[in-house]
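Below is one structure; the comments refer to it alone.
2 protein chains.
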Amino acid sequence: METIAARLSAYRDAGDSVRDHLLERRDAIVGADPHNAWISVIDTATLSGMIDWLEQQSPSLPLYGVPFAVKDNIDVAGLPTTAGCPAYCYWPDAHAAVVERLMRAGAIPLGKTNLDQFATGLVGSRSPNGACRNAFDRRRVSGGSSAGSAVAVALGQVAFALGTDTAGSGRVPAAFNNLMSLKPTRGRLSTRGVVPACRSLDCVNIFGLCGDDLRRVFEVVDGFDPLDPQSRPPQPPAPLGAAIPPGRFALGVPRDEDLEFFGDDQTATAFHRSIEALEALGGEVRRIDLTPFLEAARLLYEGPWVAERYSAIRGFIESQPDALLPVTRQIIGAGAEPLACDLFTAQHRLAELRRATESAWAGIDCLVTPTAGHLPTLEAVEADPVGVNSQLGYYTNFMNLLDLSAVAAPGGFTPDGLPFGLTLSAPAFMDRALIDLAERLQRHCQLPLGTGRQTAPAAEALDADHGEHRQAIAVCG
Amino acid sequence: METIAARLSAYRDAGDSVRDHLLERRDAIVGADPHNAWISVIDTATLSGMIDWLEQQSPSLPLYGVPFAVKDNIDVAGLPTTAGCPAYCYWPDAHAAVVERLMRAGAIPLGKTNLDQFATGLVGSRSPNGACRNAFDRRRVSGGSSAGSAVAVALGQVAFALGTDTAGSGRVPAAFNNLMSLKPTRGRLSTRGVVPACRSLDCVNIFGLCGDDLRRVFEVVDGFDPLDPQSRPPQPPAPLGAAIPPGRFALGVPRDEDLEFFGDDQTATAFHRSIEALEALGGEVRRIDLTPFLEAARLLYEGPWVAERYSAIRGFIESQPDALLPVTRQIIGAGAEPLACDLFTAQHRLAELRRATESAWAGIDCLVTPTAGHLPTLEAVEADPVGVNSQLGYYTNFMNLLDLSAVAAPGGFTPDGLPFGLTLSAPAFMDRALIDLAERLQRHCQLPLGTGRQTAPAAEALDADHGEHRQAIAVCG
Numbered sequence: 001m002e003t004i005a006a007r008l009s010a011y012r013d014a015g016d017s018v019r020d021h022l023l024e025r026r027d028a029i030v031g032a033d034p035h036n037a038w039i040s041v042i043d044t045a046t047l048s049g050m051i052d053w054l055e056q057q058s059p060s061l062p063l064y065g066v067p068f069a070v071k072d073n074i075d076v077a078g079l080p081t082t083a084g085c086p087a088y089c090y091w092p093d094a095h096a097a098v099v100e101r102l103m104r105a106g107a108i109p110l111g112k113t114n115l116d117q118f119a120t121g122l123v124g125s126r127s128p129n130g131a132c133r134n135a136f137d138r139r140r141v142s143g144g145s146s147a148g149s150a151v152a153v154a155l156g157q158v159a160f161a162l163g164t165d166t167a168g169s170g171r172v173p174a175a176f177n178n179l180m181s182l183k184p185t186r187g188r189l190s191t192r193g194v195v196p197a198c199r200s201l202d203c204v205n206i207f208g209l210c211g212d213d214l215r216r217v218f219e220v221v222d223g224f225d226p227l228d229p230q231s232r233p234p235q236p237p238a239p240l241g242a243a244i245p246p247g248r249f250a251l252g253v254p255r256d257e258d259l260e261f262f263g264d265d266q267t268a269t270a271f272h273r274s275i276e277a278l279e280a281l282g283g284e285v286r287r288i289d290l291t292p293f294l295e296a297a298r299l300l301y302e303g304p305w306v307a308e309r310y311s312a313i314r315g316f317i318e319s320q321p322d323a324l325l326p327v328t329r330q331i332i333g334a335g336a337e338p339l340a341c342d343l344f345t346a347q348h349r350l351a352e353l354r355r356a357t358e359s360a361w362a363g364i365d366c367l368v369t370p371t372a373g374h375l376p377t378l379e380a381v382e383a384d385p386v387g388v389n390s391q392l393g394y395y396t397n398f399m400n401l402l403d404l405s406a407v408a409a410p411g412g413f414t415p416d417g418l419p420f421g422l423t424l425s426a427p428a429f430m431d432r433a434l435i436d437l438a439e440r441l442q443r444h445c446q447l448p449l450g451t452g453r454q455t456a457p458a459a460e461a462l463d464a465d466h467g468e469h470r471q472a473i474a475v476c477g
Numbered sequence: 478m479e480t481i482a483a484r485l486s487a488y489r490d491a492g493d494s495v496r497d498h499l500l501e502r503r504d505a506i507v508g509a510d511p512h513n514a515w516i517s518v519i520d521t522a523t524l525s526g527m528i529d530w531l532e533q534q535s536p537s538l539p540l541y542g543v544p545f546a547v548k549d550n551i552d553v554a555g556l557p558t559t560a561g562c563p564a565y566c567y568w569p570d571a572h573a574a575v576v577e578r579l580m581r582a583g584a585i586p587l588g589k590t591n592l593d594q595f596a597t598g599l600v601g602s603r604s605p606n607g608a609c610r611n612a613f614d615r616r617r618v619s620g621g622s623s624a625g626s627a628v629a630v631a632l633g634q635v636a637f638a639l640g641t642d643t644a645g646s647g648r649v650p651a652a653f654n655n656l657m658s659l660k661p662t663r664g665r666l667s668t669r670g671v672v673p674a675c676r677s678l679d680c681v682n683i684f685g686l687c688g689d690d691l692r693r694v695f696e697v698v699d700g701f702d703p704l705d706p707q708s709r710p711p712q713p714p715a716p717l718g719a720a721i722p723p724g725r726f727a728l729g730v731p732r733d734e735d736l737e738f739f740g741d742d743q744t745a746t747a748f749h750r751s752i753e754a755l756e757a758l759g760g761e762v763r764r765i766d767l768t769p770f771l772e773a774a775r776l777l778y779e780g781p782w783v784a785e786r787y788s789a790i791r792g793f794i795e796s797q798p799d800a801l802l803p804v805t806r807q808i809i810g811a812g813a814e815p816l817a818c819d820l821f822t823a824q825h826r827l828a829e830l831r832r833a834t835e836s837a838w839a840g841i842d843c844l845v846t847p848t849a850g851h852l853p854t855l856e857a858v859e860a861d862p863v864g865v866n867s868q869l870g871y872y873t874n875f876m877n878l879l880d881l882s883a884v885a886a887p888g889g890f891t892p893d894g895l896p897f898g899l900t901l902s903a904p905a906f907m908d909r910a911l912i913d914l915a916e917r918l919q920r921h922c923q924l925p926l927g928t929g930r931q932t933a934p935a936a937e938a939l940d941a942d943h944g945e946h947r948q949a950i951a952v953c954g
């Protein structure tokens, strides 16, 4: 397990060779992938070419030589994009905008990772490349759809990874693999070069081991992209202010009757413990009525929004329906049916629900929810592929519809040794504040990073390092 | 013809009786309505009750005793709302939010005005109450759908009026009756208590004789309404700044090939003359490629947006289809057909077009277009009800889809003596700046007000009056 700061320091202070390190990492992935985390890995020649380029750059680049993974619905020129559907495969001419920004900052992509086909699923097993397996227990789901990206980071194969998150696809696998993930404000990270799921809701998400890792990557990829019609110009932070005060803050917690653990008492216990930890950090609990949040969530899959997924791959699904997995075809195919008048009615209802949730936000600095109510086995998902998948979106489906920013944060482990994750959310543009709070929690609980043993770096260590880091950004700016 | 300032002064300085004046105005409307401007007029008892209330208030209320008209798709408690369809009629318990604000400020509604049924039309003749007739020439259309509201102001029956404007329904009748109208930024005026047309696009618009009248009304009705899900919280003005500089400003004008007058050379001449007037006011012409604007316009009626109209009255149109006029039933009924996946595709395309128009806005302070390319006769509309109507939306259909603020301004008269109107538009929240520029133009051209002879009041006269006016607002605020 190695944070970005540790990797940069290994190059800079310990004299690690960028070339040797990256080639070794690549070879290790090619050597064995028992978790089905990867779909394609960069070839040695292309990787060497990237390293040649990197060696011409300043070593003070903020992500100099840092290896990362990319979900296979995000373009990396030189690697095929399949979206988890071999027949859909194409070879992009250009990197996705976020990949381009990362590479200019010195980060190196090692390959493309496994996903629920067309990013439709929260399990990670809806893939012709094999079910992606949990980094802690291979009999369990990895979570999805950004399955392989999460597992690759949790296993320490890469320092960070990119996924996408429309309805929970970044947050759920982060929770299931003891990672931190930023599900940024919609439109804050460019989605140019990303295969759309629900284009108006899709977010690129970042997987990292700790808050410092998320911040370093976010600083590089954050920014308006005039070529992405969904990109939003910078806006002032939400009315509550950009920061959640370290000393004392109003913490929204769902009412007991809104909590749902699907019979998993261990996860329930883990959630209640993590609330205690947040209280120890200054959180003052306010109970929140989740009714309008949960109604918004139901619009996404029970309402006409599935038609947005259909519109994204319409030509493909109409001409090659058999190229999709049956479960994916069933779900996305249903998007051909809804009427536009019903979609308008649902969009008007969503506007009402957004307004209804505003009174909740007026009284709290952030909301904490479980990220998912339980961590199912692959067997359980196989027995009920749609039902179990739906359960996993209970706390995540509403957030992009309601224009929230969110960070999925590690919340400790159940007595069975399975990771538990919670999600901190707030109105749009509160991304940094949420990362900071998740980081405080991770440190407070002294949680191990990914599948490793060491805990998050102390604040003092990072502060010392950050001065230099900030300067480096100014130099390469 | 009497401006709001003149009416207030008549009460305050000339000792006019509020009661006598308002009852006289009411009786005059009941006495004769050869233009088919009105659907219902307030009864004497109700009006007297309102005057009783008013007499308990401070005479410094900003709209003390000022009579106004309300389009019959906006609720006034005590009067039926029909939306131009008698079978749809209901008696609202409460005033629409904008009416409530006006009445608290002292304004008195005299009745409800004629409209194209369900606000679907730009002609004013699609009404079972009889075709509304132009205030200048009864053989011509009034423009619509806010037909009667415009005609009532132009004839001097009321000092100002409310309409609605989804695709041009406020701007077109303003143009055809020599009025000024603010089509405000979407979500800036509450639409609570308004029969929806396209709920996500609908704006309440204001008709007045001059800029000062619009400002006085706008100051009263402007404001966030938490009970209206489409209402937008106050936002900073567009990046270009809140004002259009009086001395020198960049004036966007469509390229010649994008201008369309449907063979009406007189209107073309009037438009070119009004550009000269704007140049005299400091406008520096920049030619603008309207292609993305016009493509957005086509989405509204040729694309799936008509499904939003269908969703608004779905229960009614499905149970009583014969209660609609054939032309309205044909247009709105077609909204049952489009698919949600096509609507998503169109919404994504709209996002692209919005982005495409941003480069145009980056170089100009405002855009000037004709409001409509010609002013047809009722006969011409009868001969081709859908075709001629469509022509009238050529310059107006795109503005709400592209989130623009706009002011329809008088632009003089054709040699035939028919009013010509132009529209000044800019990004959202530029409402006040556009009113100011329209006012400068109206004064510069010394245009008569409505169907009257006197011209707009001079700036000095208003400035003197405004000090007192502002103070009055502070008192009643």
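Top line first, the protein sequences correspond to chains Y and X.
With the first letter of the first sequence counted as 1, position 187 gets the number 187 in the numbering used here; the numbers rise by one all the way through.
Counting from 1 along the second sequence, just add 477 to a position and that's the residue number in the numbering used here.
From the three backbone atoms N, C-alpha and C, an ideal C-beta is built for every residue, glycine too.
- Residue 284(Y) is classed as exposed because its beta carbon has fewer than 16 other beta carbons within 10 Å across all chains shown.
- The C-beta separation of residue 1(Y) from residue 209(Y) comes to about 6 Å, placing the pair in contact by the 8 Å criterion.
- Interface flag for residue 787(X) against chain Y is set, since a Cβ pair is found closer than 7 Å.
- If you check the CB distance, residue 636(X) and residue 651(X) do not come in under 7 Å.
- Around the CB of residue 485(X), 16 or more other CB atoms lie within 10 Å, so the residue is classed as buried.
- Each residue's CA atom was taken as its position, placing residue 331(Y) and residue 79(Y) some 28 Å apart.
- In terms of beta-carbon proximity, residue 812(X) lines the interface with chain Y, with at least one pair separated by less than 7 Å.
- Collapsing the DSSP output to three states places residue 838(X) in a helix.
- Nearest C-alpha to residue 733(X) among 752(X), 663(X), 825(X): 752(X).
- By the CB criterion at 7 Å, residue 512(X) and residue 648(X) fall outside the cutoff.
- The beta carbon of residue 108(Y) is closer than 8 Å to those of 22, 47, 50, 51, 54, 65, 66, 67, 68 in its chain, skipping five residues each way along the sequence.
- For residue 203(Y) and residue 405(Y), the gap between their C-alpha atoms comes out near 10 Å.
- Counting every other CB atom within 10 Å of its CB across the protein chains shown gives residue 431(Y) a total of 16 or more, marking it as buried.
- Residues of chain Y whose Cβ lies closer than 9 Å to the Cβ of residue 766(X) do not exist; the shortest such Cβ separation is about 17 Å.
- No Cβ-Cβ contact shorter than 7 Å links residue 725(X) with residue 841(X).
- A contact is defined here as three or more CB-CB pairs under 8 Å, and the stretch 663 to 672 of chain X meets this definition with respect to the stretch 564 to 574 of chain X.
- The beta carbon of residue 688(X) is closer than 6 Å to those of 912, 915, 916 in its chain, skipping five residues each way along the sequence.
- Only 347, 348, 351, 352, 354, 355, 358 from the stretch 347 to 361 of chain Y bring a Cβ to less than 8 Å from some Cβ of chain X.
- Listed along chain X are 816, 817, 818, 819, 820, 821, each with a C-beta nearer than 9 Å to that of residue 307(Y).
- The C-beta distance from residue 111(Y) to residue 57(Y) rounds to 22 Å, too long to fall under 8 Å, and the pair is not in contact.
- If you check each beta-carbon in the stretch 676 to 692 of chain X against every beta-carbon of chain Y, the ones closer than 8 Å belong to 676, 677.
- Looking at the DSSP output, residue 849(X) bridges to nothing.
- Rounded to whole angstroms, the separation of the alpha carbons of residue 88(Y) and residue 316(Y) is 8 Å.
- Secondary structure of residue 165(Y) (DSSP, three-state): strand.
- When C-beta distances to chain X are compared with 7 Å, every residue of the stretch 395 to 418 of chain Y stays at or above that value.
- By the neighbour-count criterion, in which a residue is buried when 16 or more other Cβ atoms sit within 10 angstroms of its Cβ, residue 616(X) is exposed.
- Residue 536(X) has a beta carbon lying at 7 Å or more from every beta carbon in chain Y.
- As for any alpha helix (DSSP H) of minimum length 4 sitting wholly inside the stretch 67 to 106 of chain Y, the runs are 97 to 104, ordered along the chain.
- Under the Cβ criterion (8 Å, minimum of three pairs), the stretch 328 to 348 of chain Y counts as touching the stretch 114 to 131 of chain Y.
- Annotation note: the stretch 311 to 339 of chain Y contains no uninterrupted beta strand (DSSP E) run of length 3 or greater.
- By the criterion of a C-beta distance shorter than 6 Å, residue 217(Y) is surrounded in its chain by 160, 206, once the five residues flanking it on both sides are discounted.
- Bounds of the alpha helix (DSSP H) holding residue 650(X) are 648 to 653.
- Taking 8 Å as the upper bound for CB-CB distance, residue 580(X) and residue 887(X) are not in contact here, some 28 Å apart.
- Within chain Y, no C-beta atom comes nearer than 8 Å to that of residue 711(X); the closest sits roughly 11 Å away.
- Excluding its 5 nearest sequence neighbours in each direction, residue 416(Y) has C-beta neighbours in its own chain below 7 Å: 266, listed in chain order.
- Using beta-carbon distances, residue 706(X) counts as an interface residue toward chain Y, with a partner under 7 Å.
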